[in-house]
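Everything on this sheet refers to the single structure shown next.
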Amino acid sequence: MQINKTDFDIILNTPVFRGAAESLVRRIVSADDCIEKSFKKGDTVYDRFDFMHSLGVILEGSIRVTKDNADGKPMLMSTLYRGSIFGAAALFNDAREYATRLTALTACRIAFFPQRLVWRTVLREPEIAENYIRYLSERILFLNRKIYYLTAGTAEQRLANFASENLSTDIASPLPMSMTLLAAALNTSRASLYRALDTLTQSGAIEKNGKLFRISDPDVLKEYTL
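Numbers in my numbering are just positions in the sequence shown, counted from 1, shifted up by 773.
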């Protein structure tokens, strides 16, 4: 895959490749089986029966991740931005169904690293293998925390966890759902949700401008998600 410096730097700073030699990462990206694909706003990137056994790195744009609940209604799981990785759950298994649906919120460009390329890389490069194992461990920890926040965490913890997965530090954007739906998704009351939002904005973790929000201080926000 041919790649410019901006895109290369994005890939170089992902959890899987961070700290690896630039020459090594450039060789991996230049492999014939590493490809780039573009998607228009509203396009389905991955769906239940339409996905690839590949790691995806978002080079440009944003993606919404949803999962159908027992009633068949989509539940928001997270929002992915430039530099985010997805696809690890389908990389090294033979499952015929993907766990979530990924939809392009904006026009997107994505670099895909197929299973065979990742497998060759982790076999030959211990540093990247270690990075990949660490990345998977962090995802397990994140999922465990998410279960806790939805069952026993405070309203501030639940909202902070949601914000860390769905808001950007760069671009202010509206919340992906109404406050009523968000309160239901976080298993809390609207009153508690508004109080939690006031707490996070007053602490400087989140910046609110009308109906637009962004993460203003990731370190402060992280204190609420620990």
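All C-beta atoms, glycine included, are put in the ideal place defined by N, C-alpha and C.
message: If contacts are defined as beta-carbon pairs under 8 Å, then A884 and I784 qualify, I think. What distance do you get, rounded to the angstrom?
response: 6 Å
query: Is it right to say Y979 is buried, meaning 16 or more other beta carbons lie within 10 angstroms of its own, or is it exposed?
result: Tyr is not the amino acid found at residue 979; the sequence shown has Ile there. I979 should be labelled buried.
query: Where does A969 sit, in a helix, a strand or coil, going by DSSP?
result: helix
query: Where do the ends of the alpha helix (DSSP H) carrying Y871 lie?
result: Where Y871 is concerned, there is no enclosing alpha helix (DSSP H), given that its DSSP letter is neither H nor E.
message: Out of Y871, R907, L853 and Y854, which one is the CA nearest neighbour of G792?
response: R907
message: Can you tell me where the beta strand (DSSP E) holding Y819 begins and where it ends?
response: T817 to Y819
query: In the structure shown, what three-state DSSP assignment does E898 receive?
result: coil
- prompt: From T953, A933, Q975 and L959, pick the residue whose C-alpha is nearest to that of P991; which is it?
  reply: A933
field: Cβ pair count under 8 Å reaching 3, the region 877–893 against the region 821–838
entry: yes
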